[in-house]
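Peer 1: Line by line, the protein sequences give chains A and B. The numbering used here numbers the first residue of the first sequence as 81 and each following residue consecutively. The numbering used here numbers the first residue of the second sequence as 20 and each following residue consecutively. For glycine and all other residues, C-beta sits at the position ideal for the given N, C-alpha and C. All values reported here derive from a predicted model rather than from experimental measurement. Below you will find the structure I want to go over with you.
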Amino acid sequence: MRQALLIFNKEFKDYFTSPIAYIVIAIFLAVTGWLFFSAFFLNNQAELRRFFTLLPLLFALVMPLVTMRLFAEEINVGSYELLLTLPVTFRDIIVGKFMAAVAFAAALLVPTLSYPIFISMIGDLDWGVSIAGYLGALLMAAAYAGVGLFASSLTRNQIIAGIVAMVICVFLAIVDQMLFFFPQSILDLVTYLSANAHFTNIAKGILDSRDLLYFLSVAFLGLYATHLVMEEK
Amino acid sequence: MIHVEGLTKYYDEFCAVDHIDLDIKGGEIVGLLGPNGAGKTTTLRMLTGYFQPSAGDIRVKEHSIHQDSLAIKRLIGYLPESAPLYKGMLVYDYLEHVARIRGLDGAAMAQRLFELADMCGLRGIMHKTIDTLSKGLKQRVGLAHAMMSDPEILVLDEPTSGLDPNQIVEIREIIRKIGEQKTVILSTHILSEAEATCDRIVIINKGRIVADGSTQELTSGKDRQGRVQLGFMGASTEAVVDRLKGVPGVSAVTPQTEEAPGLTRVQVLCQPGVDARPEIYQAVKATDWVLVEMNQEAQTLETIFRELTRES
């Protein structure tokens, strides 16, 4: 565990030593802020629902950018060899990198806490629902990070890793809006695959174990697949 | 210390390392020598736990690579070829990160970083970003990385490739200093380097060990075929070849092109392990030829290396 924490520490710091982190955060805040507040005053509702509806798709675009370098860069530069010949297990490496990506997502969300604070000043905000929404956002980020980490372990090319992860994450995010493409018989399954549907439940303030289990199992599957890829190499 | 048995590695169909057996004692400096693509790096990568062997076993002390690769990784410090370090980090941050992963902390860590900075000459560059360093400096940071936990075994993959002559001398001196107490395994295709730094040389070709021993043992090896150059005056080439062929211990006689009128030169290939010079002298003494030249070709590591690794 100590080793995983050390790797987490290094990876998390790495995000903030390059300008890319700040650019990603700035763009994320600009897009969410603009899309959310452009309609907020028209709706005249003291709630964060519209902010949360943006997140499944936005995170599907942002998390691959966050995770794509985690393995691909190391494999490309060759530092992967140094990492693997240090006394660390595959699990330490995967967990450390995964936690760093989730922590970065948390760092991305922290500035948006100003939205509920601001709203609670001008209206009556339901804090329970808001907190559930943030929790759901973190869970969703974890699921996407699992997918992104897996994509990154597949290739030495960051761009390919990013695109593969984006395709999978965007699919999970919007599949419930494409139900008419699928035959009747598998509609239930397809709906179950949708990150959007599960996230919307949580963001309504309903903490159902099925939704939690969904995100956790997507994350776990991603990490497990990463482990398999590492063993194969 | 290290016991390698039947080590084999396949990349798909291609056999990169083919049943290597090797025993390395504590305190040896072993040079793995071989042409490019001979399997040196692959062997080292299996030794350090980066690659899984396709077959065979590596035991370091009592640990086997299959059961306890983590324990082996703790015992080995490894510097891959061209030191692929994290580019964006400061030298100090990087070494600190490695130190923590190697289980150092607090005062012990500060002490170790200080020692390594001195030993590898990193004092002035601790605050620099790794990708701004020259190749030689990067290599030294890589050495510090490898020696962080003061490991009993140091594995270096082409530690001097791409360095300028001054840097090569510096790195070699560091390696020799370390080798006084540690077991060092290094790979190289620079023969003089192996000769200068290693106690023992293992030549690999096409994934197999083709020679193993000290430089001296290799160059004076029992199964080497000695070559003797002879020059005569007042003798015809045919007569010389005829006579020398009959000398015991001689396996072949090749006439050389005539350089001066009246001078006959031949090269005699001796039978393995036989010095035929006394017999040749006796045979020549009985004739009226004038022997003006008799030279045993010196066996250097280079001639041996070329002989063993030549494409045939």
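Quick one: Cα of S180 (chain B) to Cα of G245 (chain B), how far?
Peer 2: 33 angstroms
Peer 1: Does the stretch 144-164 of chain A come within contact of the stretch 259-269 of chain A, defined as at least 3 CB pairs closer than 8 angstroms?
Peer 2: no
Peer 1: When we look at the beta-carbon of K157 (chain B) and count the other beta-carbons within 10 Å, is it buried (16 or more) or exposed?
Peer 2: Counting of Cβ neighbours within 10 angstroms places K157 (chain B) among the buried residues, the total reaching 16 or more.
Peer 1: R121 (chain B) touches chain A at which residues, Cβ-Cβ below 9 angstroms?
Peer 2: L166 and P167
Peer 1: Could you check whether R284 (chain B) and Q290 (chain B) sit closer than 7 angstroms to each other, using their CB atoms as the reference points?
Peer 2: Going by C-beta atoms, Q290 (chain B) is not nearer than 7 angstroms to R284 (chain B).
Peer 1: Between the alpha carbons of R191 (chain B) and I197 (chain B), how many angstroms are there, rounded?
Peer 2: 10 angstroms
Peer 1: Thinking just about the alpha-carbon of each residue, which of A:F88, A:P99, A:F151 and A:S194 is nearest to the one in Q238 (chain A)?
Peer 2: A:F151
Peer 1: Would you mind reading off the limits of the alpha helix (DSSP H) that contains S270 (chain B)?
Peer 2: Unbroken run through S270 (chain B) is the beta strand (DSSP E), V269 to P274; no alpha helix (DSSP H).
Peer 1: Among the candidates B:F33, B:N185, B:I21 and B:L310, whose CA atom is the shortest distance from the CA of G155 (chain B)?
Peer 2: Ranking the options by Cα distance to G155 (chain B), first place goes to B:N185.
Peer 1: Skipping 5 residues on each side, what residues in its chain have a beta carbon closer than 6 angstroms to that of V244 (chain A)?
Peer 2: A231
Peer 1: Just mark P103 (chain B) as buried or exposed, buried being the case when its beta carbon has 16 or more other beta carbons within 10 Å.
Peer 2: buried
Peer 1: Rounded to a whole number of angstroms, what is the C-alpha to C-alpha distance between Y30 (chain B) and G53 (chain B)?
Peer 2: A direct Cα-to-Cα measurement between Y30 (chain B) and G53 (chain B) gives close to 19 angstroms.
Peer 1: Here's a check: name, in chain order, each residue in its chain whose Cβ is nearer than 6 angstroms to the Cβ of G161 (chain B), leaving out the five neighbours to either side.
Peer 2: L98 and A102
Peer 1: Going by DSSP in three states, K264 (chain B) sits in which element: helix, strand or coil?
Peer 2: helix
Peer 1: Below 8 angstroms, how does it come out for the stretch 25-43 of chain B and the stretch 276-296 of chain A: are there three or more Cβ pairs, yes or no?
Peer 2: no
Peer 1: Consult DSSP for K157 (chain B) and reduce its assignment to one of helix, strand or coil.
Peer 2: helix
Peer 1: Quick one: residues in its chain with C-beta nearer than 7 angstroms to the C-beta of V255 (chain A), no 5 flanking neighbours on either side, listed in chain order?
Peer 2: V270, L273 and S274
Peer 1: For the pair the stretch 195-211 of chain B and the stretch 306-317 of chain B, tell me if three or more CB-CB distances fall below 8 angstroms.
Peer 2: By the criterion of at least three beta-carbon pairs nearer than 8 angstroms, the stretch 195-211 of chain B is not in contact with the stretch 306-317 of chain B.
Peer 1: Three or more C-beta pairs closer than 8 angstroms, one from the stretch 212-221 of chain B and one from the stretch 46-63 of chain B: is that the case here?
Peer 2: yes
Peer 1: So, are the CB atoms of F369 (chain A) and P136 (chain A) less than 7 angstroms apart?
Peer 2: Outside the shown range of chain A, which is 81 to 313, sits residue 369 (chain A), and nothing can be said about it.
Peer 1: With the cut-off set at 7 angstroms, would you say P170 (chain B) and L94 (chain B) are in Cβ contact?
Peer 2: yes
Peer 1: Would you verify that the beta carbon of V157 (chain A) is, or is not, closer than 7 angstroms to some beta carbon of chain B?
Peer 2: yes
Peer 1: Following the continuous alpha helix (DSSP H) through Q248 (chain B), name the residue where it begins and the one where it ends.
Peer 2: Note, Q248 (chain B): premise wrong, no alpha helix (DSSP H); beta strand (DSSP E) at R246 to M252.
Peer 1: Tell me the DSSP bridge mates of I228 (chain B)?
Peer 2: B:I223
Peer 1: Check whether the Cβ of E161 (chain A) lies closer than 7 angstroms to any Cβ atom in chain B.
Peer 2: yes
Peer 1: Is the beta carbon of V229 (chain B) sitting closer than 7 angstroms to the one on L327 (chain B)?
Peer 2: yes
Peer 1: Excluding five sequence neighbours on each side, which residues of the same chain lie with their C-beta closer than 8 angstroms to the C-beta of S73 (chain B)?
Peer 2: T27, K28 and Y29
Peer 1: Looking only at its chain, what residues have a beta carbon closer than 6 angstroms to the beta carbon of A183 (chain A), apart from the 5 residues adjacent to it on each side?
Peer 2: F92
Peer 1: How about T97 (chain A): is its C-beta nearer than 7 angstroms to some C-beta of chain B?
Peer 2: yes
Peer 1: Assuming Q286 (chain B) is part of the alpha helix (DSSP H), what are its boundary residues?
Peer 2: It is not in any alpha helix (DSSP H) - Q286 (chain B) instead sits in the beta strand (DSSP E) that spans L282 to C289.
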